Amino acid sequence: MAVRLPIWLQITVLFLLGGFTVVQAAPAIPADVATIFANNCTDCHAGDLPDANLRLSADMIFSSAVGKPSRQMPGMMRIKPGDPAGSYLMMKIRHDEGIQGEPMPLDEDQLAPADIEKIAGWIASLSAADVAPDQPEPVQAFAGWTVGNTPTAKVLRKGEMLFRISHRFVPVVNGGENQNAYDVNFGLDGPAVIMISLGYAPTDNLLLNLGRTNAADNVEFNARYRILRETSGQIPVSLAIQGNLNWESQKVGDESRLRGEVLKYSMQAIATKALTEKASIAVVPGILINSNSAIEDEDPLLTLGVGGRYHFGNGLSLTADWLPIFTELDAVQNYGVGFYEGDDPTKARRFDSWTVGVEKQVGGHVFQLFFANSPVIATDQVMNGGDLDVAEGDMRLGFAIYRILR
Numbered sequence: 003m004a005v006r007l008p009i010w011l012q013i014t015v016l017f018l019l020g021g022f023t024v025v026q027a028a029p030a031i032p033a034d035v036a037t038i039f040a041n042n043c044t045d046c047h048a049g050d051l052p053d054a055n056l057r058l059s060a061d062m063i064f065s066s067a068v069g070k071p072s073r074q075m076p077g078m079m080r081i082k083p084g085d086p087a088g089s090y091l092m093m094k095i096r097h098d099e100g101i102q103g104e105p106m107p108l109d110e111d112q113l114a115p116a117d118i119e120k121i122a123g124w125i126a127s128l129s130a131a132d133v134a135p136d137q138p139e140p141v142q143a144f145a146g147w148t149v150g151n152t153p154t155a156k157v158l159r160k161g162e163m164l165f166r167i168s169h170r171f172v173p174v175v176n177g178g179e180n181q182n183a184y185d186v187n188f189g190l191d192g193p194a195v196i197m198i199s200l201g202y203a204p205t206d207n208l209l210l211n212l213g214r215t216n217a218a219d220n221v222e223f224n225a226r227y228r229i230l231r232e233t234s235g236q237i238p239v240s241l242a243i244q245g246n247l248n249w250e251s252q253k254v255g256d257e258s259r260l261r262g263e264v265l266k267y268s269m270q271a272i273a274t275k276a277l278t279e280k281a282s283i284a285v286v287p288g289i290l291i292n293s294n295s296a297i298e299d300e301d302p303l304l305t306l307g308v309g310g311r312y313h314f315g316n317g318l319s320l321t322a323d324w325l326p327i328f329t330e331l332d333a334v335q336n337y338g339v340g341f342y343e344g345d346d347p348t349k350a351r352r353f354d355s356w357t358v359g360v361e362k363q364v365g366g367h368v369f370q371l372f373f374a375n376s377p378v379i380a381t382d383q384v385m386n387g388g389d390l391d392v393a394e395g396d397m398r399l400g401f402a403i404y405r406i407l408r
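Heads up, the working numbering is the position in the sequence shown plus 2, with the first residue counted as 1.
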């Protein structure tokens with residue numbers, strides 16, 4: 003005999019069942035396929051600013067590639083579920099004719115046939131149900147961790163390390179007053195100021211750096227914390243703060259290396275924004291305590307850094323920054339050379355630091371080549387200004403190389 007439930011009980015059961023949503027487990031990529039991508043592709047296609055905005059890490063590949071249109075071939079999907087032959091990613095991996103840009107992996111041999119077959123088999127096993135909904139994507143306004151002199155809001159993923167080598171040639175490109183450009187090989191003959199640093203990310207939003215430069219044997223420790231991360235359609239700007247401790251450890255006469263005047267403290271607030279897909283801006287106010295080792299109890303030095311980037315494509319960008327000082331200046335001794343005319347410390351010759359250059363991102367590397375008016379690199383040193391006047395056509399060459407270590 004059929005049992006008929008009271009209408010009120012039927013409504014209650016339907017209401018309760020309707021209040022529960024069946025949570026579908028996120029699709030997972032097979033471990034062997036994930037390993038192939040991790041070993042060959044994620045140097046370029048992972049993190050905050052992947053090439054072509056394509057992320058092939060195990061946690062992002064479904065939302066970034068499966069069922070998503072290719073930027074280089076908008077008429078094709080990056081990964082077409084169930085159809086390896088119709089997937090643009092397979093064309094890039096197989097080095098097929100007709101692809102745009104470089105084949106994958108970049109600057110390396112083609113993947114082993116067995117690995118290509120594993121990827122093709124995985125794509126063939128996918129269905130429309132594996133297509134993840136579109137997600138707001140992180141926006142990284144700058145490829146580098148600095149715009150010449152000015153820090154950006156970029157950090158690392160948890161557990162990653164960052165190696166940096168930065169180089170400033172001291173001679174002026176045009177040779178200065180007593181030489182011509184050829185005499186100094188357009189500034190490349192040296193001497194040079196060099197800084198080497200190593201960073202580590204204990205979390206996704208915190209980056210710790212330790213470095214040293216031969217200018218006054220300056221040792222720098224800084225910590226950068228990202229407060230907000232720019233995200234398409236949600237968060238319009240990236241915000242970070244950076245605290246810096248600099249120690250001028252160079253021995254000067256009989257004075258102690260640890261005297262209070264040689265310890266510098268600074269704080270910078272960093273705001274970056276991508277104005278368009280190609281143009282970005284950074285605004286970085288800062289304060290430096292104990293800026294001048296030769297003066298006791300001087301006022302804090304206030305700066306307002308402004309940086310910009312224009313991305314041409316294929317990882318190549320034009321960059322520039324300017325670091326105006328808003329504090330009344332005294333003659334300063336920076337990296338061992340007085341920024342004043344001749345031997346008269348009353349005639350201060352110091353100008354706001356600036357750089358103009360180009361930047362190239364290739365996988366886990368960022369290369370920067372620029373002109374600058376300051377011969378120094380450490381944060382407290384560039385906040386103190388430079389000794390060359392761009393109005394006189396004086397500038398130096400410099401470069402920096404960043405490498406992510408995973």
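For every residue, glycine included, the Cβ atom is placed at its ideal position computed from N, Cα and C.
Nothing here was measured: the structure is a model prediction, and the numbers come from that model.
For residue i, which residues from the same chain have a beta carbon less than 8 Å from its beta carbon, with the 5 sequence-adjacent residues on both sides left out?
i, result
"Cys43", "Leu58, Met106 and Pro107"
"Gly192", "Phe171, Val172 and Pro173"
"Tyr184", "Gly177"
"Ala122", "Pro86 and Met92"
"Glu300", "Asn292, Ser293, Asn294 and Asp332"
Using the Cα positions of residue i and residue j, report the straight-line distance between them to the nearest angstrom.
i, j, result
"Asp109", "Asn292", "47 Å"
"Val186", "Val239", "43 Å"
"Lys266", "Leu260", "11 Å"
"Ile81", "Val364", "23 Å"
"Leu210", "Ala114", "38 Å"
"Ala87", "Met93", "8 Å"
"Val24", "Thr205", "With a pLDDT of only 43 at Val24, under the threshold of 50, the placement of this residue in the model should not be trusted, and no figure is reported."
"Leu399", "Leu390", "12 Å"
"Ser295", "Trp356", "23 Å"
"Leu407", "Ile283", "27 Å"
"Gly189", "Val175", "4 Å"
"Asn180", "Ile196", "25 Å"
"Gln137", "Phe64", "10 Å"
"Asp396", "Ala374", "9 Å"
"Gly359", "Ala33", "42 Å"
"Tyr312", "Val133", "33 Å"
"Val378", "Phe353", "13 Å"
"Glu139", "Gly100", "28 Å"
"Ala126", "Gly387", "59 Å"
"Val221", "Ile198", "10 Å"
"Asp323", "Lys120", "47 Å"
"Thr329", "Gln383", "15 Å"
"Ser168", "Ala36", "35 Å"
Rank the options by C-alpha distance to the C-alpha of residue i and give the top, closest one.
i, options, result
"Val157", "Val174, Gln244 and Gly235", "Gln244"
"Phe369", "Ile403, Ala87 and Val378", "Ile403"
"Asn151", "Pro29, Val133, Gln252 and Val308", "Val308"
"Ala131", "Ile327, Ala30, Met269 and Phe372", "Ala30"
"Ala145", "Pro138, Phe64 and Asn55", "Asn55"
"Glu263", "Glu298, Thr274 and Gly310", "Glu298"
"Pro83", "Leu91, Ile95 and Gly69", "Gly69"
"Ala40", "Met78, Met79, Ile327 and Asp117", "Asp117"
"Gly366", "Phe165, Gly288 and Thr215", "Phe165"
"Leu303", "Gly315, Pro287, Leu318 and Gly317", "Pro287"
"Tyr227", "Ala155, Asn182, Gly161 and Ser168", "Ala155"
"Leu290", "Ala143, Ser319 and Asn248", "Asn248"
"Pro153", "Gly161, Gly310 and Asp61", "Gly310"
"Thr148", "Ala242, Val254 and Ser234", "Ala242"
"Met385", "Asn216, Ser72 and Gln270", "Gln270"
Use the C-beta contact count for residue i: other C-beta atoms within 10 angstroms, 16 or more gives buried, fewer gives exposed.
i, result
"Gly338", "With a pLDDT of 38 at Gly338, under the threshold of 50, the predicted position of this residue should be treated as unreliable, though the coordinate-derived value follows. Exposed, because fewer than 16 other Cβ atoms sit within 10 Å of the Cβ of Gly338."
"Thr321", "buried"
"Phe171", "buried"
"Thr305", "buried"
"Leu325", "buried"
"Gln236", "exposed"
"Ser258", "exposed"
"Ala393", "exposed"
"Asp256", "exposed"
"Asp53", "buried"
"Phe314", "exposed"
"Gly49", "buried"
"Arg61", "It is Asp, not Arg, that sits at residue 61 in the sequence shown. Flag for Asp61 reads exposed."
Return yes when at least one heavy atom of the ligand GTP lies under 8 Å from the C-beta of residue i, else no.
i, result
"Asp111", "With respect to the ligand GTP, the structure shown offers nothing to examine, as it has no ligands at all."
Keeping to the same chain, check which residues put their C-beta closer than 6 Å to that of residue i; ignore five residues upstream and five downstream.
i, result
"Gln102", "Gln74"
"Asp219", "Ser251 and Gln252"
"Gln112", "His97"
"Asn246", "Asn224, Ser268 and Thr381"
"Glu232", "Val141, Val239 and Ser240"
Short of 7 Å in beta carbon distance, which residues of its chain neighbour residue i, apart from the five on each side in sequence? Order them along the chain.
i, result
"Tyr202", "Met163 and Leu210"
"Ser66", "Leu56 and Arg57"
"His47", "Asp53, Leu56, Arg57 and Leu58"
**Request:** Output the residue ranges of the beta strand (DSSP E) runs that lie fully inside the stretch 205-287 and measure 3 residues or longer, sorted by chain position.
**Result:** You should have 208-215, 220-230, 240-250 and 265-276.
**Asked** Which residue spans inside the stretch 46-93 form an unbroken alpha helix (DSSP H) run of at least 4?
**Response** Those alpha helix (DSSP H) runs which fall completely within the stretch 46-93 and span 4+ residues are 63-66.
**Message:** List, from N- to C-terminal side, the beta strand (DSSP E) runs of 3 residues or more that fit wholly inside the stretch 166-211.
**Reply:** For the stretch 166-211, whole beta strand (DSSP E) runs of length 3 or above, ordered along the chain, are 194-202.
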